[in-house]
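Q: The working numbering puts the first residue of the sequence shown at 198, with every later residue one more than the last.
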Amino acid sequence: MFRKIADQFSRFFIGILFIFSGLIKLNDPVGTKIKMEEYFEVFAEDFGSFFHYLIPYALEIGMILVVLEIVLGVAVLIYYRMKVTTVVLLALMIFFTFLTFYSAYFNKVTDCGCFGDAIKLTPWESFTKDVVLMVFVLHLFWYRKHYQPALRTLEGHAVVGAVTLISFFLGVYAIRHLPFIDFRAYKIGNNIPQQMQPAEQPVFEYVFIRKDNGEEVHSEKYLMDTTLYKYQSVRQTNEDKTKAKITDFAVTSVEGEDVTQQAFEGNKLFIIIYDVSAASASNIDKIRDLAKALEGKVDVMALTASGGEAFEAFRHEHQLAFPYYYADATVLKTIVRSNPGITLWVNGNVKGMWHHNDTPTADEVLQLIN
């Protein structure tokens, strides 16, 4: 009886969690790519330059791992070819557990990206999560020969094949457009200046010992009566709410002047081109026409992390007349998952966000302002 309960719990716990984790990352494959690049750069420094060669393929590798995660979750739920499924599952868990332990112990990657931007975990939380998962994966692996498929062979093949194709389709669609659900601080509807402020002021809890009876006393204020109380320690009780969601947004002019505040004033259409060497030119003519149509109505500005010489060459090649400013590459990648990408801010409020494949018309932009 106990084994049957353990079988069913392990089956649904692993299956549902793998599908959930995979779908969160499938929602934003470009975000997964960025996280993979971060890991490859760290490994290249610590284990050799081989990992540098993987960086250009981070998107493809990330997609394969994400789809595999979803497929394994479905396979476990229907007990599909468990001898093979559990071996692959165990190998993947060993790989993930090593990654999270390495990141936590050596403080290399502060966010594993296990659940994308939806759920943030510290490195040690990620490692603990993988250790717990490993227990149930090992259970399924140990009894892998005893499980009977929930579907007949042909039906099982059909389900796994369909899940694989649908997953790849959804991933490619998200890459060519934008994430289906935006979990980032720059999403439509957010006010950026507010996101740059902490939600709460720090609250501290002081611990004192009463000198007359040894009783421990907790207080939100420092007790000044030293004849009655002896100070022991202090801790912040709302640390997670005192850090702003956006801490690194800054805009600099070509002359080196900080113009961040200007980004929050009036109607601003930002053309995000974080790296001109990797920017797609397939819809640059639409972006150019959009900027011309909005001239005098909306401030059109390019934000880039590329050097001035490179951006000037790109700008002249594509006849982009609007001014450009500098911002951090990681910030620009976070703002919009497209290169180029487009976002509309009205007095610091995010009103619109577009992939270059979905470049809006001037009328669509103006409707969002009025």
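Using N, Cα and C, we set each Cβ at its ideal position, and we do this for glycine too.
(1) Leaving out five residues before and five after residue 636 in sequence, what residues of the same chain have Cβ atoms less than 8 Å from its Cβ?
(2) Roughly how many angstroms lie between the CA atoms of residue 489 and residue 530, to the nearest whole one?
(3) Could you give the first and the last residue of the continuous beta strand (DSSP E) run that contains residue 552?
(4) Please name the residue in 476, 369, 401 whose C-alpha comes closest to that of residue 256.
(5) May I ask which residues mark the beginning and end of the beta strand (DSSP E) holding residue 498?
(6) Helix, strand or coil: how does DSSP classify residue 419 here?
(7) Check residue 470 in the structure and name its three-state DSSP category.
(8) Could you check which residue in 320, 474, 280 has the C-alpha nearest to that of residue 341?
(9) Would you say residue 467 and residue 500 are within 7 Å of each other, going by their C-beta atoms?
(10) Would DSSP call residue 406 helix, strand or coil?
(11) With a floor of 4 residues, list each alpha helix (DSSP H) that falls wholly inside the stretch 278 to 313, ordered by position along the chain.
(12) Work out the CA separation of residue 537 and residue 288 for me, nearest whole Å.
(13) Just grab the DSSP bridge partners of residue 465 for me.
(14) Distance check for residue 306 and residue 235, CA to CA, integer angstroms please.
(15) Exposed or buried, residue 332, counting other C-beta atoms within 10 Å across all chains shown (16 or more means buried)?
(16) What's the gap between the Cα of residue 237 and the Cα of residue 564?
(17) CB-CB under 8 Å to residue 456, same chain, minus the five flanking residues each way: which ones, in chain order?
(18) Between which two residues does the beta strand (DSSP E) holding residue 430 run?
(19) With H, G and I counted as helix, E and B as strand and the rest as coil, what does DSSP make of residue 344?
(20) Could you spell out where the alpha helix (DSSP H) holding residue 236 opens and where it closes?
(21) Determine the extent of the alpha helix (DSSP H) in which residue 370 is found, giving its start and end residues.
(22) Considering Cα atoms alone, identify which of 268, 438, 503 is closest to residue 363.
(23) DSSP on residue 451, reduced to helix/strand/coil?
(24) Restricting to Cα atoms, I'd like to know which of 208, 541, 262 is closest to residue 221.
(25) Anyone know if the C-beta pair for residue 464 and residue 543 falls short of 7 Å?
(26) Residue 294 and residue 337 - do their beta-carbons sit closer together than 7 Å?
(27) Following a CB-centred definition, is residue 431 positioned closer than 6 Å to any heavy atom of the ligand FMN?
(28) Suppose you measure from the CA of residue 274 to the CA of residue 317; what does that come to, to the nearest Å?
(29) Within the continuous alpha helix (DSSP H) that includes residue 274, where are the two ends?
(30) Quick one: grab the DSSP three-state call for residue 412.
(31) Can the beta-carbon of residue 545 be found less than 7 Å from the beta-carbon of residue 389?
(32) Can the beta-carbon of residue 503 be found less than 7 Å from the beta-carbon of residue 472?
(33) Along the chain, which unbroken stretches of the alpha helix (DSSP H) at least 4 residues long are found entirely within the stretch 372 to 398?
(34) Can you tell me the Cα-Cα spacing of residue 532 and residue 497, whole angstroms?
(35) What's the C-alpha gap between residue 324 and residue 298?
A: The answer reads as follows:
(1) A query on residue 636 cannot be resolved here, the shown segment of the chain reaching from 198 to 567 and no further.
(2) On the sequence shown, residue 489 is found 292 positions in, with the first residue counted as 1. On the sequence shown, residue 530 is found 333 positions in, with the first residue counted as 1. Their Cα atoms are separated by approximately 25 Å.
(3) To locate residue 552, count along the sequence shown from 1; it is residue 355. Here the beta strand (DSSP E) through residue 552 covers 546 to 552.
(4) Numbered from 1 along the sequence shown, position 59 holds the residue referred to as residue 256. Checking every option, the nearest Cα to that of residue 256 belongs to 369.
(5) Here residue 498 refers to the residue found at position 301 when the sequence shown is read from its first residue. Element bounds for residue 498: 496 to 501.
(6) Here residue 419 is taken as the residue at index 222 of the sequence shown, counted from 1. Correct three-state label for residue 419: coil.
(7) Taking the first residue of the sequence shown as 1, we reach residue 470 at position 273. Coil.
(8) Locating residue 341 in the sequence shown gives position 144, counting from the first residue. Measuring from the Cα of residue 341, the nearest candidate turns out to be 280.
(9) Here residue 467 refers to the residue found at position 270 when the sequence shown is read from its first residue. Here residue 500 refers to the residue found at position 303 when the sequence shown is read from its first residue. Contact: yes.
(10) Within the sequence shown, numbered from 1, the residue matching residue 406 stands at position 209. Strand, per DSSP.
(11) 279 to 303
(12) Locating residue 288 in the sequence shown gives position 91, counting from the first residue. Locating residue 537 in the sequence shown gives position 340, counting from the first residue. About 37 Å.
(13) For the purposes of this step, residue 465 is identified with residue 268 of the sequence shown, where counting begins at 1. DSSP output for residue 465 lists 496, 542 as bridge partner(s).
(14) Position 38 of the sequence shown holds residue 235. Position 109 of the sequence shown holds residue 306. Roughly 7 Å between the two C-alpha positions.
(15) Stepping through the sequence shown from its first residue, residue 332 is reached at position 135. Flag for residue 332 reads exposed.
(16) In the sequence shown, counting from the first residue as 1, residue 237 sits at position 40. In the sequence shown, counting from the first residue as 1, residue 564 sits at position 367. The alpha-carbon atoms of residue 237 and residue 564 are separated by roughly 43 Å.
(17) Taking the sequence shown and counting its residues from 1, one reaches residue 456 at position 259. For residue 456, where only same-chain residues beyond five positions count, the Cβ hits under 8 Å are 448, 449, 450, 522.
(18) Taking the first residue of the sequence shown as position 1, residue 430 is located at position 233. Element bounds for residue 430: 426 to 433.
(19) On the sequence shown, residue 344 is found 147 positions in, with the first residue counted as 1. Residue 344 falls in the coil class under three-state DSSP.
(20) Within the sequence shown, the letter at position 39 stands for residue 236. Its alpha helix (DSSP H) spans residues 226 to 244.
(21) As a position in the sequence shown, residue 370 is number 173, starting the count at 1. Where residue 370 is concerned, the enclosing alpha helix (DSSP H) stretches over 350 to 373.
(22) Within the sequence shown, numbered from 1, the residue matching residue 363 stands at position 166. Of the listed residues, the one whose Cα sits closest to residue 363 is 268.
(23) Your numbering for residue 451 matches position 254 in the sequence shown. It is coil, neither helix nor strand.
(24) Taking the sequence shown and counting its residues from 1, the one referred to as residue 221 is at position 24. Answer by Cα proximity: 262.
(25) Taking the sequence shown and counting its residues from 1, the one referred to as residue 464 is at position 267. Taking the sequence shown and counting its residues from 1, the one referred to as residue 543 is at position 346. Cβ distance < 7 Å, so residue 464 and residue 543 count as in contact.
(26) For this step, residue 337 is matched to residue 140 along the sequence shown. For this step, residue 294 is matched to residue 97 along the sequence shown. The answer is no: Cβ separation not under 7 Å.
(27) For the ligand FMN, the structure offers nothing, since it holds no ligand at all.
(28) As a working mapping, residue 274 is identified with position 77 in the sequence shown. As a working mapping, residue 317 is identified with position 120 in the sequence shown. Cα to Cα, the separation comes out at about 26 Å.
(29) The residue given as residue 274 occupies position 77 in the sequence shown. That run of the alpha helix (DSSP H) goes 255 to 274.
(30) For the purposes of this step, residue 412 is taken as the residue at position 215 of the sequence shown. Coil at residue 412, not helix or strand.
(31) In the sequence shown, the residue the question calls residue 545 occupies position 348. In the sequence shown, the residue the question calls residue 389 occupies position 192. Closer than 7 Å, so yes.
(32) Indexing the sequence shown from 1 puts residue 503 at position 306. Indexing the sequence shown from 1 puts residue 472 at position 275. It is a contact, given that the beta carbons lie within the stated cut-off.
(33) For secondary structure counted as the alpha helix (DSSP H) over 4 or more consecutive residues, the stretch 372 to 398 holds these complete runs in sequence order: 389 to 392.
(34) Start at 1 with the first residue of the sequence shown, and residue 532 comes out as number 335. Start at 1 with the first residue of the sequence shown, and residue 497 comes out as number 300. In this structure, the straight-line span from the alpha carbon of residue 532 to that of residue 497 is close to 16 Å.
(35) Translated into the one-based positions of the sequence shown, residue 324 becomes position 127. Translated into the one-based positions of the sequence shown, residue 298 becomes position 101. Going by the C-alpha atoms only, they are around 6 Å apart.
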